[in-house]
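Adding 571 to a residue's 1-based position in the sequence shown gives its number in the numbering used here.
For every residue, glycine included, the Cβ atom is placed at its ideal position computed from N, Cα and C.
Report on the structure given below.
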Amino acid sequence: MKFVDKVKIYVESGKGGDGIVSFRKEAYVPKGGPYGGDGGKGGSIIFEATHSLSTLLDFRYHRSYKARAGQQGMNKKMHGADADDLVLKVPVGSVIYDEDTNKKLADLTRDGQRVVIAKGGRGGRGNARFATSRNPAPTICERGEPGEKFNLIIELKLLADVGLVGFPSVGKSTLLSVVSRAKPEIADYPFTTIVPNLGVVQAKDGRSFVMADLPGLIEGASQGKGLGHQFLRHIERCRVIVHIVDMSGNDGRDPYEDYLAINKELGEYQYHLLDRPQIVIANKMDEDNAEENLKRFKEKVGDEVQVFPVIALIGEGVDLPLYAIADLLDQTPIFDDEEEIENSVLYTYESKDKKGYEIHNLGNHYWRVDGPKVERIVQMSSLGSDDGVKRFALKMRQIGLDDALRKAGCESGDTVVILDFEFEFYE
572 MKFVDKVKIY VESGKGGDGI VSFRKEAYVP KGGPYGGDGG KGGSIIFEAT
622 HSLSTLLDFR YHRSYKARAG QQGMNKKMHG ADADDLVLKV PVGSVIYDED
672 TNKKLADLTR DGQRVVIAKG GRGGRGNARF ATSRNPAPTI CERGEPGEKF
722 NLIIELKLLA DVGLVGFPSV GKSTLLSVVS RAKPEIADYP FTTIVPNLGV
772 VQAKDGRSFV MADLPGLIEG ASQGKGLGHQ FLRHIERCRV IVHIVDMSGN
822 DGRDPYEDYL AINKELGEYQ YHLLDRPQIV IANKMDEDNA EENLKRFKEK
872 VGDEVQVFPV IALIGEGVDL PLYAIADLLD QTPIFDDEEE IENSVLYTYE
922 SKDKKGYEIH NLGNHYWRVD GPKVERIVQM SSLGSDDGVK RFALKMRQIG
972 LDDALRKAGC ESGDTVVILD FEFEFYE
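In structure tokens form, the structure reads like this:
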């Protein structure tokens, strides 16, 4: 199966059903009164995390999702049927962003976790809801509330406790295959691993954790070079980083320079990856120059860095680093990025003192009014009757639009445009 860990999609929740204008007309029932029912609620767009998926591949081929609208209200004050919610399943570890604002809307980290991203519109009220002692036979109803629309970016970040990093062909896949039941592709050429691999590792003392083998980094990965940049996001959730260094020094490489280069890329990535605890696994210790290279390497990095010599190909020496990793996991809490938390929202609500609209002078006595509040009022107003028009005008006064237009310079007889509707302004 192809591994896809980032997609862009469009979602739109369902519009609420319209309320209707109806009157009771039955024999022997004088003054039957208003009888129009309310519309049903539109379907919401819900995302659900599941372990049964491991890739976002399905979203690569289907990029637009729209929930159904609620049913229109009916006679005899009957409520229209609510539309079913549209549930979209994503792998555990998926993060959902609003592409237009770059805000994080949800982070799904548990199996079965759900989040409502686009809430379905509420149904409009029928004329039976507007009856009063002063107006016992209203010809007013509401249209259904429009649904919410979002351009979304979904990113999959692997839920691994430990991330393996290092240059291509240093032995990351080999180590993962030895310490777990994962079966990554292994070969002797660079960039054999082109997708992340996960494996459950259990130390001999019974402690277990999830390890991720990530495609090899190269210099400049944090600026987008090579495969490493594409998959650096998968290290963001890891609490411990295991840095694998090839101690053979083949092809003229210096293990210490490789170590510095990879850490430089980790440090330049946006999520401060060097703040996490890191241990070094010195691999390929069966090569001719490995012992000498290891000695020089330890002298340069100092005693503060834990270095574990291993021969991953035959599993020699792997127990000690597994114990060290388990110890670090016991001491390390889940890493939260402060900047990411500050920029994260689930829903944004307009404050009561916010106008909810903007006025634009188009010239030639034309004005345009934009804004979610005023547009929602227009979309839900029934402008086909005198009562509906009067109620709409009253709502415009209540939100202060009349006074705001007057202060902006709008004069009697000017045309005010809201969405596709034109209104004449009068004093």
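* Range of the contiguous beta strand (DSSP E) that encloses P880 -> 878-880
* **Which residues DSSP lists as bridging A853, in chain order** => V816, P880
* At least one CB of chain D closer than 8 Å to the CB of K966: is that the case? -> Any reference to chain D falls outside this structure, which holds one protein chain only.
* Find out if the Cβ-Cβ distance for the pair G607, I591 is shorter than 8 Å. => yes
* DSSP three-state assignment for A640, whether helix, strand or coil -> coil
* Take T919 and list the residues in its own chain whose beta-carbon comes closer than 7 Å to its own, dropping the five residues that flank it on each side. => With a pLDDT of only 41 at T919, under the threshold of 50, the placement of this residue in the model should not be trusted; the figure read from the coordinates follows. Cβ neighbours of T919 beyond the five flanking positions: none.
* Can you tell me whether DSSP reads N864 as helix, strand or coil? -> helix
* Please state whether DSSP places Y668 in a helix, a strand or coil. => strand
* To do: Quick one: measure Cβ to Cβ for I724 and V582, integer angstroms, because I've assumed they're closer than 8 Å.
  => Contact doesn't hold; Cβ gap of about 12 Å is too wide.
* alpha helix (DSSP H) runs wholly inside the stretch 696-764, at least 4 long, in chain order -> 743-750
* Short check: CB of Q849 to CB of I815, under 8 Å? -> no
* Asked: What do you get for R962, buried or exposed, if any count of 16 or more other CB atoms within 10 angstroms of its CB means buried?
  -> buried
* Asked: Is any heavy atom of the ligand SAH found at a distance shorter than 7 Å from the C-beta of L844?
  -> Inclusion of the ligand SAH in the displayed structure is not the case, the ligand content being empty and no account of it being possible.
* Neighbourhood of A758 by C-beta distance below 7 Å, restricted to the same chain and skipping five residues each side -> Here the model assigns A758 a pLDDT of 48, short of 50, so the residue's position is not dependable and the matter cannot be decided.
* Taking just the CA atoms, how far does G588 sit from K743? -> 56 Å
* **Buried versus exposed call for K690 [16 or more other C-beta atoms within 10 Å across all chains shown]** => buried
* Asked: Taking DSSP as the reference, what is the three-state secondary structure of R685?
  -> strand
* **Neighbourhood of M967 by C-beta distance below 8 Å, restricted to the same chain and skipping five residues each side** => V945, I948, D973
* To do: Whole angstroms is fine: what's the gap from V750's alpha carbon to D732's?
  => 15 Å
* What does DSSP give as the partner residues of H931 in its beta bridges? -> R939
* **Bounding residues of the alpha helix (DSSP H) (the contiguous stretch that carries P826)** => 826-839
* Identify which residue in L747, F780, Q773, A774 has its Cα closest to the Cα of P767. => L747
* To do: Specify, as a first and last residue, the run of the alpha helix (DSSP H) that M967 falls within.
  => 957-969
* Thinking C-beta only, is G697 closer than 8 Å to D609? -> yes
* To do: Measure the alpha-carbon distance for K675 versus E887 and round it to whole angstroms.
  => 44 Å
* Asked: Does the stretch 869-876 come close enough to the stretch 832-848 to have 3 or more Cβ pairs within less than 8 Å?
  -> no
* Asked: Given D924, which residues of its chain have a CB within under 7 Å of its CB, disregarding the five upstream and five downstream residues?
  -> Bear in mind that a pLDDT of 45 at D924, under 50, signals an unreliable position, so the model cannot answer this.
* Asked: Got a sec, what are the start and stop residues for the alpha helix (DSSP H) I896 sits in?
  -> 890-902
* To do: Indicate the three-state DSSP secondary structure (helix, strand or coil) for L657 in the structure shown.
  => strand
* Nonlocal neighbours in the same chain, by C-beta distance under 7 Å from I905, ignoring five residues either side -> R810
* Let me know if F614 comes out buried or exposed under the rule of 16 or more other beta-carbons within 10 Å of its beta-carbon. => A small fix is needed here, since residue 614 is Gly in this sequence, not Phe. It is buried - the Cβ of G614 has at least 16 other Cβ atoms within 10 Å.
* **Close Cβ partners of E982 (< 6 Å) along its chain, the five nearest in sequence each way excluded** => none
* To do: Report yes if the C-beta distance between L522 and V736 is below 8 Å; otherwise report no.
  => Here the chain covers residues 572 to 998 and nothing more, so residue 522 does not appear.
* Paired residues, beta bridge with H651 - DSSP -> The question names His, but residue 651 is Gly in the sequence shown. Partner(s): none; G651 has no beta bridge.
* Express the C-alpha separation of I970 and R939 in angstroms, rounding to a whole number. => 16 Å
* Using DSSP with H/G/I as helix, E/B as strand and the rest coil, what is E597? -> coil
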